[in-house]
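Engineer:
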Amino acid sequence: MGLNMPARTVLFTNARKFDGKDFRWVTSGEYIQMSGRAGRRGLDEKGIVILMIDEKMSPSIGKEIVKGLPDPINSAFHLTYNMVLNLLRVDGINPEYMMERSFFQFQNNSSIPQLYEKIKTLQENYIAIQVEREDEVESYYKIKNRLSALSEEYHAYVIQPEYCVPFFQTGRLVKKTTSSVDTNKKSVYYVVDVLLQLSKQCSETRITSNLKPPLPGEKGVMHVVPIKLNLIQQLSAVRIRVPDDLKPLDNRMQVLRIIQTMLDQYSQGVPLLDPIENMKIKEKGLKDVIKKIEAFTPQLNEHPLHNDSSIEELLSQYKNKLQIENEIKEVKAELKKARSLLQMDELKCRKRVLRRMGFCTASDVIEIKGRVACEISSADELLLTEMIFNGAFNDLNVHQTIALLSCFVFQEKSTALPKLTEELSGPLRLMQETARRIAKVSKESRLELDLEQYVDSFKPHLMDVVFSWSKGASFSHICKMTDVFEGSIIRCMRRLEELLRQMYQAAKAIGNTEMENKFSEGIMLIKRDIVFAASLYL
Numbered sequence: 011m012g013l014n015m016p017a018r019t020v021l022f023t024n025a026r027k028f029d030g031k032d033f034r035w036v037t038s039g040e041y042i043q044m045s046g047r048a049g050r051r052g053l054d055e056k057g058i059v060i061l062m063i064d065e066k067m068s069p070s071i072g073k074e075i076v077k078g079l080p081d082p083i084n085s086a087f088h089l090t091y092n093m094v095l096n097l098l099r100v101d102g103i104n105p106e107y108m109m110e111r112s113f114f115q116f117q118n119n120s121s122i123p124q125l126y127e128k129i130k131t132l133q134e135n136y137i138a139i140q141v142e143r144e145d146e147v148e149s150y151y152k153i154k155n156r157l158s159a160l161s162e163e164y165h166a167y168v169i170q171p172e173y174c175v176p177f178f179q180t181g182r183l184v185k186k187t188t189s190s191v192d193t194n195k196k197s198v199y200y201v202v203d204v205l206l207q208l209s210k211q212c213s214e215t216r217i218t219s220n221l222k223p224p225l226p227g228e229k230g231v232m233h234v235v236p237i238k239l240n241l242i243q244q245l246s247a248v249r250i251r252v253p254d255d256l257k258p259l260d261n262r263m264q265v266l267r268i269i270q271t272m273l274d275q276y277s278q279g280v281p282l283l284d285p286i287e288n289m290k291i292k293e294k295g296l297k298d299v300i301k302k303i304e305a306f307t308p309q310l311n312e313h314p315l316h317n318d319s320s321i322e323e324l325l326s327q328y329k330n331k332l333q334i335e336n337e338i339k340e341v342k343a344e345l346k347k348a349r350s351l352l353q354m355d356e357l358k359c360r361k362r363v364l365r366r367m368g369f370c371t372a373s374d375v376i377e378i379k380g381r382v383a384c385e386i387s388s389a390d391e392l393l394l395t396e397m398i399f400n401g402a403f404n405d406l407n408v409h410q411t412i413a414l415l416s417c418f419v420f421q422e423k424s425t426a427l428p429k430l431t432e433e434l435s436g437p438l439r440l441m442q443e444t445a446r447r448i449a450k451v452s453k454e455s456r457l458e459l460d461l462e463q464y465v466d467s468f469k470p471h472l473m474d475v476v477f478s479w480s481k482g483a484s485f486s487h488i489c490k491m492t493d494v495f496e497g498s499i500i501r502c503m504r505r506l507e508e509l510l511r512q513m514y515q516a517a518k519a520i521g522n523t524e525m526e527n528k529f530s531e532g533i534m535l536i537k538r539d540i541v542f543a544a545s546l547y548l
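FYI, the numbering for the sequence shown is 11 to 548, going by the working numbering.
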């Protein structure tokens, strides 16, 4: 019965009759979804699922398909103004009551026993780590960390291009840093060609992403490697003579011999450029950093553990203990959060916004603006309600109104901005000004919100498309007006029709017949043709 068909997965479920059993053909990708439908509730005692795959797979993958655990179900609950307002207008219930009994809070409470167990295990591990001379190790660790932080500050001053780039001449010795410095803060960065001594293995494989120095006893090979400016830690005050042409290997190895001879001459270390005297850095912060480095360096050198042979092992033990201590603090904070009502701070901030904007009173009694906002759930209810009460839609015709509302439902990405006429750009600016005012009130109410990001979330990319569609343009014509996919246009139109219905109910709630008729007419104008066809195959 077709069981040997190539590249197919056979799945028997309750769909058609075959030898007394129900079955259907599906592809392998449908297996997980369809296997859950085998067996009809109330009719079959059990459902039968038979999977046959004609392609090779490892035993572990096959076991995962048959016996693997299902994906965890995690709550995606989040507060919205519509939700808060609808709960406020119901007697005997409030947002706090609903949040306490939400699946989100239930999942959070269910994690409390595991958190207690985790804290217990971490505390046992913490007690088990015994560090000898712990007080001395702690003080040494703090001094070393402080010096490391000061070195990074010092490096940040010295490596600024306006100070160090003038000293990049051929023959200058540089010292590479191992600390990571963020180079993405500036759009412009410098690349320096440096002659490095590399292992022969790197030279033979030509791997530039994983360069390694020569092994102990290995001579290595000199290569010119481009590096970013932030990787240079220090600049030498001396320069050496370098051949003009570094392409021949002999010339590069000659530089290595010169460097080794110079290092033998400076047994105490190569003299470095002084950032104040030589590089002329006059920033006050650098002087403070140098003073602190000069103060902490003797403390480190004179510390009883500085020359101790076991200092590295002691520091490693102390770091492990310190890491466990930090983990305990994090888990305790997580436990405190789990035992409290989640999103309570956000709820207080949202209530504060609603009070300041007149959607409800100080005693949480819902106002007329709040009742209007309750009718809108498929777009930003606060902004739309403000626009209704500010008369933003009063002077717009139905085509402008539909085009403006498209900004609330279109969420796709588009590279090309529409060329809007004043007929559409004027209402768009008014909407953006209202959005900025709401964002400002939200920030004043201590609600985390980025003003520009909030305003940019209302995308005008389909305003001209929807405007033309409402005026009777064909679907093929509007598809040529934008780079947005056809399916995204259809999705936007369907969501727009849903929003228009909610706006109709909102206008009805305040008894504005003219606005009701405008939104009703908008529904009739866009609900036509292939966009609202029951099936694209018809």
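The beta-carbon is built from N, C-alpha and C at its ideal position, and this holds for glycine as well.
Under the three-state reduction of DSSP, which class applies to Gln-179: helix, strand or coil?
Structural biologist: Taking the first residue of the sequence shown as position 1, residue 179 is located at position 169. Of the three classes helix, strand and coil, the one that applies to Gln-179 here is coil, per DSSP.
Engineer: Could you give the DSSP three-state label for Trp-35: helix, strand or coil?
Structural biologist: Position 25 of the sequence shown, counting from 1, holds the residue named residue 35. Because the pLDDT at Trp-35 is just 45, under 50, the model does not fix this residue reliably, and the value given afterwards should be weighed accordingly. Here Trp-35 sits in strand by DSSP.
Engineer: Between the segment 106-118 and the segment 394-410, are three or more C-beta pairs nearer than 8 Å?
Structural biologist: In short, these stretches do not touch, since the Cβ pair count stays below three.
Engineer: Inspect the beta-carbon positions of Ile-139 and Lys-342 and report whether they are closer than 8 Å.
Structural biologist: As a first step, residue 139 is located in the sequence shown; it is residue number 129 there, counting from the start. As a first step, residue 342 is located in the sequence shown; it is residue number 332 there, counting from the start. Against a cut-off of 8 Å, the Cβ pair of Lys-342 and Ile-139 comes out as no contact.
Engineer: Can you tell which of Leu-472, Pro-281, Glu-356, Asp-255 has the C-alpha that lies nearest to the C-alpha of Leu-245?
Structural biologist: Sequence index remark: in the sequence shown, residue 245 carries index 235 (1-based). Selected option, being the one with the closest Cα: Pro-281.
Engineer: For Asp-255 and Val-202, I'd like the C-alpha separation in whole angstroms.
Structural biologist: Translated into the one-based positions of the sequence shown, residue 255 becomes position 245. Translated into the one-based positions of the sequence shown, residue 202 becomes position 192. In a straight line, the C-alpha of Asp-255 is about 17 Å away from that of Val-202.
Engineer: So does the segment 88-108 actually touch the segment 374-383, counting three or more Cβ pairs closer than 8 Å?
Structural biologist: The segment 88-108 vs the segment 374-383: in contact.
Engineer: For Gly-279, which option in Thr-271, Ile-286, Pro-285 has the closest C-alpha, if you only look at C-alpha atoms?
Structural biologist: Here residue 279 refers to the residue found at position 269 of the sequence shown. The residue with the shortest Cα to Cα distance from Gly-279 is Thr-271.
Engineer: Please go through the same chain and pick out, in chain order, the residues whose beta-carbon is closer than 7 Å to the beta-carbon of Phe-399, but skip the five residues on each side of it.
Structural biologist: Stepping through the sequence shown from its first residue, residue 399 is reached at position 389. Cβ within range, chain order: Lys-379.
Engineer: Report, in whole angstroms, the separation of the C-beta atoms of Phe-477 and Ala-413, which I expect to be a contact under 8 Å.
Structural biologist: Taking the sequence shown and counting its residues from 1, the one referred to as residue 477 is at position 467. Taking the sequence shown and counting its residues from 1, the one referred to as residue 413 is at position 403. 4 Å between Cβ atoms; contact.
Engineer: For Asn-135, which of Asp-260, Asn-336, Met-289 has the nearest alpha-carbon?
Structural biologist: Looking up residue 135 in the sequence shown gives position 125. Closest option to Asn-135, Cα to Cα, is Asn-336.
Engineer: Below 8 Å, how does it come out for the segment 494-508 and the segment 429-440: are there three or more Cβ pairs, yes or no?
Structural biologist: Counting Cβ pairs under 8 Å, fewer than three are found: no touch.
Engineer: Cutting at 6 Å between CB atoms, please list the residues of its own chain near Met-534, excluding the five before and the five after it.
Structural biologist: Along the sequence shown, one-based indexing puts residue 534 at 524. Hits under 6 Å: none found.
Engineer: Helix, strand or coil: which one does DSSP assign to Pro-236?
Structural biologist: The count along the sequence shown starts at 1 and reaches residue 236 at position 226. In this structure, Pro-236 counts as strand in the three-state DSSP scheme.
Engineer: Taking Leu-461 as the reference, give the member of Gln-442, Lys-469, Met-473, Leu-472 with the closest Cα.
Structural biologist: Translated into positions along the sequence shown, residue 461 becomes position 451. Among Gln-442, Lys-469, Met-473, Leu-472, the Cα nearest to that of Leu-461 belongs to Gln-442.
Engineer: Using CA atoms only, rank isn't needed, just tell me which of Ile-286, Ile-536, Glu-144 is closest to Thr-325.
Structural biologist: Looking up residue 325 in the sequence shown gives position 315. According to the sequence provided, residue 325 is Leu. The question's Thr does not apply to it. Of the candidates Ile-286, Ile-536, Glu-144, the one whose C-alpha sits nearest the C-alpha of Leu-325 is Glu-144.
Engineer: Let me check one thing: in DSSP terms, what residues is Arg-249 bridge-paired to?
Structural biologist: By 1-based counting over the sequence shown, the position of residue 249 is 239. Bridge partners of Arg-249: Arg-182.
Engineer: Given a threshold of 16 other Cβ atoms within 10 Å of its Cβ, counted over all protein chains shown, does Arg-366 qualify as buried or as exposed?
Structural biologist: By one-based count along the sequence shown, residue 366 stands at place 356. With fewer than 16 other Cβ atoms within 10 Å, it is exposed.
Engineer: Return yes when the Cβ of Glu-344 is within less than 8 Å of the Cβ of Gln-167, no when it is not.
Structural biologist: Within the sequence shown, residue 167 is the residue found at index 157, counting from 1. Within the sequence shown, residue 344 is the residue found at index 334, counting from 1. The residue you asked about is not Gln; residue 167 is Tyr in the sequence shown. Cβ atoms of Tyr-167 and Glu-344: not closer than 8 Å.
Engineer: Could you pull the start and end residues of the alpha helix (DSSP H) that Leu-509 belongs to?
Structural biologist: Translated into positions along the sequence shown, residue 509 becomes position 499. Taken as a continuous stretch (DSSP letters only), the alpha helix (DSSP H) holding Leu-509 covers 496-519.
Engineer: Roughly how many angstroms separate the alpha carbons of Pro-253 and Val-231, rounded to a whole number?
Structural biologist: Here residue 253 corresponds to residue number 243 of the sequence shown, with the count starting at 1. Here residue 231 corresponds to residue number 221 of the sequence shown, with the count starting at 1. Each residue's alpha carbon lies about 16 Å from the other.
Engineer: Taking C-alpha atoms, which residue in Asp-466, Tyr-276, Ala-516 lies nearest to Ser-424?
Structural biologist: Residue numbering aside, residue 424 sits at position 414 when the sequence shown is read from its first letter. The candidate whose alpha carbon is nearest that of Ser-424 is Asp-466.
Engineer: Under 8 Å by Cβ, that's how I've got Tyr-150 and Leu-315 pegged, so tell me the actual separation to the nearest angstrom.
Structural biologist: On the sequence shown, residue 150 is found 140 positions in, with the first residue counted as 1. On the sequence shown, residue 315 is found 305 positions in, with the first residue counted as 1. Between Leu-315 and Tyr-150 the Cβ distance is about 5 Å, and since that is below 8 Å, they are a contact.
Engineer: In whole angstroms, what separates the C-alpha of Ser-121 from that of Ala-348?
Structural biologist: Sequence index remark: in the sequence shown, residue 121 carries index 111 (1-based). Sequence index remark: in the sequence shown, residue 348 carries index 338 (1-based). Going by the C-alpha atoms only, they are around 7 Å apart.
Engineer: Look at the alpha carbon of Met-44 and the alpha carbon of Leu-61, and state the distance between them as a whole number of angstroms.
Structural biologist: The sequence position of residue 44 within the sequence shown is 34, counting from 1. The sequence position of residue 61 within the sequence shown is 51, counting from 1. Low confidence applies here, because Met-44 scores a pLDDT of 48, under 50, leaving its location unreliable and the question unanswered by this model.
Engineer: Leu-208 bridges to which residues according to DSSP?
Structural biologist: By 1-based counting over the sequence shown, the position of residue 208 is 198. In the DSSP output, where bridge partners are listed per residue, Leu-208 has Val-231.
Engineer: For Thr-193, does the count of other Cβ atoms within 10 angstroms reach 16, so buried, or fall short, so exposed?
Structural biologist: Start at 1 with the first residue of the sequence shown, and residue 193 comes out as number 183. Caution applies to Thr-193, whose pLDDT of 43 falls short of 50 and renders its modelled position unreliable; the value that the coordinates give is listed next. Thr-193 should be labelled exposed.
Engineer: Could you spell out the range, first to last residue, of the alpha helix (DSSP H) harbouring Asp-355?
Structural biologist: As a first step, residue 355 must be located in the sequence shown, where it is residue number 345. 354-366 is the extent of the alpha helix (DSSP H) around Asp-355.
Engineer: Gly-401: which of Ala-449, Asn-522, Val-419, Arg-362 sits nearest, CA to CA?
Structural biologist: As a first step, residue 401 is located in the sequence shown; it is residue number 391 there, counting from the start. The candidate whose alpha carbon is nearest that of Gly-401 is Asn-522.
Engineer: What's the call for Glu-40, buried or exposed, on a 16-neighbour Cβ count within 10 Å?
Structural biologist: Numbered from 1 along the sequence shown, position 30 holds the residue referred to as residue 40. Unreliable positioning characterises Glu-40 in this predicted model, as indicated by a pLDDT of 41, which lies under 50. A coordinate reading is not provided.
Engineer: What did DSSP end up calling Ile-291 once you bin it into helix, strand or coil?
Structural biologist: Against the sequence shown, residue 291 aligns to sequence position 281. The answer is coil: DSSP assigns Ile-291 none of H, G, I, E or B.
Engineer: So, helix, strand or coil for Asp-466, using DSSP?
Structural biologist: Counted from its first residue, the sequence shown places residue 466 at position 456. In this structure, Asp-466 counts as helix in the three-state DSSP scheme.
Engineer: For a test of the three-state rule: what should DSSP assign to Leu-95, helix, strand or coil?
Structural biologist: Start at 1 with the first residue of the sequence shown, and residue 95 comes out as number 85. Reduced to three states, the DSSP call for Leu-95 is helix.
Engineer: Report the rounded CA-to-CA distance for Trp-35 versus Leu-79, giving the unit in angstroms.
Structural biologist: For this step, residue 35 is matched to residue 25 along the sequence shown. For this step, residue 79 is matched to residue 69 along the sequence shown. Because Trp-35 sits at a pLDDT of 45, beneath the cut-off of 50, its placement in the model cannot be relied upon, and the following sentence gives the value as read from the coordinates. Using only the alpha carbons, I get a separation of about 24 Å.
Engineer: What are the residues that DSSP puts in a beta bridge with Val-202?
Structural biologist: The residue given as residue 202 occupies position 192 in the sequence shown. Per DSSP, Ile-237.
Engineer: If you count every other CB in all the chains shown that lies within 10 Å of the CB of Arg-262, and 16 or more means buried, which is it?
Structural biologist: Reading the sequence shown from its first residue, position 252 is the one you call residue 262. Buried, by the Cβ-count rule.
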